[in-house]
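Novice:
Protein chains in written order, with our numbering: chain A, -15 to 336; chain B, -15 to 336.
(1) State yes or no: is the beta carbon of residue -10/B nearer than 9 Å to at least one beta carbon in chain A?
(2) If you measure beta-carbon to beta-carbon, which residues of the stretch 186 to 203 of chain B are closer than 7 Å to chain A?
(3) So what's residue 5/B in DSSP terms, helix, strand or just coil?
(4) Which residues in the same chain as residue 227/A place their Cβ atom closer than 7 Å to its Cβ, once the five residues preceding and following it in sequence are excluded?
(5) State whether the stretch 200 to 211 of chain A contacts the stretch -5 to 3 of chain B, with contact taken as three or more CB pairs (one from each stretch) at a distance under 8 Å.
(6) Contact defined as beta carbons within less than 8 Å: I believe residue 50/A pairs with residue 80/A. What is the distance between those atoms, to the nearest angstrom?
(7) What three-state label does DSSP hand residue 328/B in the structure shown?
(8) Does DSSP put residue 154/A in a helix, a strand or coil?
(9) Under the DSSP definition of a beta bridge, which residues are partnered with residue 43/A?
(10) To which residues of the same chain is residue 197/A closer than 7 Å at the C-beta, ignoring the five residues directly before and after it?
(11) Only counting runs of 4 or more residues, tell me where the alpha helix (DSSP H) segments fall wholly within the stretch 246 to 300 of chain B, in order along the chain.
(12) If I measure Cβ to Cβ from residue 225/B and keep anything under 8 Å in the same chain, skipping five residues before and after, which residues do I get?
(13) Using the beta-carbon of each residue, which ones in chain B are nearer than 9 Å to residue 2/A?
(14) Rounded to the nearest angstrom, how far is the Cβ of residue 329/B from that of residue 249/B, given a contact under 8 Å?
(15) When DSSP labels each residue in this structure, what does residue -8/A get in the three-state scheme?
(16) Please tell me whether residue -4/B has its Cβ less than 9 Å away from any Cβ of chain A.
(17) For residue 41/B versus residue 14/B, is the C-beta spacing smaller than 9 Å?
(18) Considering only their Cβ atoms, is the gap separating residue 135/B from residue 131/A smaller than 9 Å?
(19) Hey, could you find the ends of the alpha helix (DSSP H) residue 30/B is sitting in?
(20) Assuming the contact rule is C-beta atoms closer than 8 Å, residue 73/A and residue 98/A should be a hit. Round their C-beta distance to whole Å, please.
(21) Got a sec, what are the start and stop residues for the alpha helix (DSSP H) residue 119/A sits in?
(22) Under a CB-based cut-off of 9 Å, is residue 120/A close to chain B?
(23) Give a yes or no on whether the minimum CB-CB distance between residue 145/A and chain B is below 9 Å.
(24) What's the gap between the Cα of residue 123/A and the Cα of residue 317/B?
(25) Sort 83/A, 306/A, 184/A and 287/A by Cα distance to residue 19/A and report the nearest one.
(26) Residues of the stretch 65 to 79 of chain B with a CB closer than 9 Å to any CB of chain A: list them in chain order, please.
(27) My assumption, with CB atoms under 8 Å, is that residue 3/A sits in contact with residue 195/A. Please give the rounded CB distance.
(28) Under three-state DSSP, which class holds residue 179/B?
(29) Based on Cα-Cα distance, which residue from 309/B, 287/B, -14/B and 116/B lies nearest to residue 331/B?
(30) Output yes if chain A places a C-beta closer than 9 Å to the C-beta of residue 39/B; else output no.
(31) For a contact meaning CB atoms closer than 7 Å, what does residue 160/A contact in chain B?
(32) Counting along the chain, where does the beta strand (DSSP E) carrying residue 65/B start and finish?
(33) Which one of 76/A, 213/A, 179/A and 192/A has the shortest CA to CA distance from residue 305/A?
(34) Could you name the residues of chain B that residue 131/A contacts, counting a contact when the two beta carbons are closer than 7 Å?
(35) Residue 272/B CB to nearest chain A CB: under 9 Å?
(36) Can you find a CB in chain B that lies within less than 9 Å of the CB of residue 84/A?
Quick look at the structure:
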């Protein structure tokens, strides 16, 4: 005998991303702000001047990617239980991608799901991580391997927060902006070539355009069964670089910048990208002092490391290769030889 | 500036519940069977005789409610990473509610979500827990406080597994069947009064009818924003009893049976249930040797304990009270005095 459990339904997870000076936020519930000591010292006062809620409680976790773990999420959850947060309560992430990813994951599992709000304070999280509902933590096997798709209730992006970012972190965010343009938006790329993203009006334009692009991608493929994987352009190579350098030499956006150049090299060898387009991307990355080269010590080990990545646990690696500027292709059938040729280009020869 | 993230879409989480002798199951993916040593010893061989997949791997976790924790889920996840399970892999829960809840939760967070299949081996999980997508673990603050709504891909209910259940566990499952009938289905209740659930054909009928009722409830209210909470009939009181007796004196269905009688007493005092209906429910519970009384030592402490339950973290307790047999009401505005009257009825006076 068969019984059908009918769960075909329309679900509305839509939300708004607010870009500009933080407006007043009123929440008719108990709110837990999740942040870290550094961000709290710089920006909590400003947020609190804009936020009203039934009750506000602050949870501070340690700063850094190495604390983005299930153990930290469990601490957040225990704190919420201790202070009797309920199913109507709201979590608010004040910080960069690490804080946002953990807050979203905690919200997704606390009593089987509560709402959360993103207030990203780094350029990287403003243009990318805060939008789209990917949440999660790292473990010994890799980055973001445990998590959930859990969309925020709203995102507030305020350029005010960027004033305290150091130059490298700021440029790292620009790398993700360039990523969006190369993959999806040629006009935007051309605008970027002329723009100065250290100008406040222009960075707001760039953030808005990146978020709009991300919105388009996420609304078409929320759970990354296809198109959304294109946002990993630069990341397949970048993750290996981050791992090899123990997350110390480069910040995330920097390794993505190098990874984009490697993906461009691959695209070029596949006949998908012309040399002058590669050069234009390189020039744009260099304009913001992003690294474009990396000395691979052991190309075979570098290749093997692809298979440790979540996206390749099924023994195939999906490479995201731009098809000229403004287009992108996902390829999971590229011969090892071709990839090794790319890696060899970076072995002991490339210097910038 | 505002940007809309449009995520309004039709989602189909529908699935089939198969009831009867286990048919051949073919899965075109790598499968991890999650089970415990006891169930494995009794039933793994039988399951393996019916299951074919690309690869099959067995993960055994310790037996019992006290191991339904985030730590055990993390062990399962690490095991999956260690053995290179990917996003297309499938988890299969072979066991009772504890195994099903943990397997479902592990599936919901492994790489942000993989499919899972329920093969419930206890009557309790066959008629209730295996259907509906509630997954999760306990922690120091209470039961099922961390989790997710994650629907299985399919459920296979085979009465063959029930032959090894001891009598108390079997009766505990019957308590949940009676729960369904009292809340939603008067005809079913009347059928139960005449039935013998130790007969295989009749237990299959009872399971099917319970699952159909659950399917109706879950399809109307997957995330328990209203109607689905009615399935907690007997549980508000029952959870306190379980806690007070440290999960040792009663199995879950037994404390639910007592809890139903307490809820009936409350319904009666609210004028929602006639005395003869209370007696019919009591008679049916006693027919399967389920407990219907509990000696409350400290009624004030018992009342306070309601507020530790997840469903009352917002300082209001929702009581589920039957409205005659076949109907149910959710009430969160019952005066403490009336509840205390009910509890006092059970304090040192009731014996069976």
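Glycine included, each C-beta is placed from N, C-alpha and C at the ideal position.
Specialist: From the atom records:
(1) Interface residue, yes.
(2) Cβ contacts with chain A: 192, 195, 196, 199, 202 and 203.
(3) In the three-state DSSP reduction, residue 5/B falls in the coil class, being neither helix nor strand.
(4) In the same chain as residue 227/A, and ignoring 5 residues on each side of it, the C-beta atoms closer than 7 Å to its own belong to 289, in chain order.
(5) Because the criterion of three Cβ pairs below 8 Å is not met, the stretch 200 to 211 of chain A and the stretch -5 to 3 of chain B do not touch.
(6) Contact flag wrong, Cβ pair sits at about 14 Å.
(7) Residue state for residue 328/B is assigned as helix, using DSSP reduced to three classes.
(8) The answer is helix: DSSP assigns residue 154/A an H, G or I state.
(9) Its beta-bridge partners are 18/A.
(10) Cβ neighbours of residue 197/A beyond the five flanking positions: 164, 168 and 169.
(11) Fully enclosed alpha helix (DSSP H) runs of 4 or longer: 259 to 271 and 283 to 290.
(12) Taken in chain order, the residues that qualify are 234, 239, 242, 243 and 278.
(13) Neighbours of residue 2/A on chain B, chain order: -15, -14 and -13.
(14) Correct: roughly 6 Å between the Cβ atoms.
(15) Here residue -8/A sits in strand by DSSP.
(16) Residue -4/B counts as touching chain A.
(17) Contact annotation: residue 41/B and residue 14/B have beta-carbon atoms nearer than 9 Å.
(18) Between residue 131/A and residue 135/B, the C-beta spacing is not below 9 Å.
(19) The continuous alpha helix (DSSP H) containing residue 30/B extends over residues 29 to 34.
(20) Taking 8 Å as the upper bound for CB-CB distance, residue 73/A and residue 98/A are in contact here, some 6 Å apart.
(21) Where residue 119/A is concerned, there is no enclosing alpha helix (DSSP H), although the beta strand (DSSP E) it sits in stretches over 118 to 123.
(22) Output row for residue 120/A: interface = yes.
(23) The C-beta of residue 145/A comes no closer than 9 Å to any C-beta of chain B.
(24) If you take the alpha carbons of residue 123/A and residue 317/B, they lie about 45 Å apart.
(25) Residue 19/A has its Cα closest to that of 83/A, out of 83/A, 306/A, 184/A and 287/A.
(26) Result list: 65, 66, 68, 69, 70, 71, 72 and 73.
(27) Your pair residue 3/A and residue 195/A checks out as a contact, with CB atoms roughly 7 Å apart and the cut at 8 Å.
(28) Collapsing the DSSP output to three states places residue 179/B in coil.
(29) The shortest C-alpha separation from residue 331/B is found at 287/B.
(30) Residue 39/B does not count as touching chain A.
(31) What residue 160/A touches in chain B: nothing, since even the nearest Cβ is about 16 Å away.
(32) It is not in any beta strand (DSSP E) - residue 65/B instead sits in the alpha helix (DSSP H) that spans 54 to 66.
(33) Answer by Cα proximity: 213/A.
(34) In chain order: 93 and 96.
(35) Chain A contact via Cβ: absent.
(36) Not one chain B Cβ lies under 9 Å of residue 84/A.
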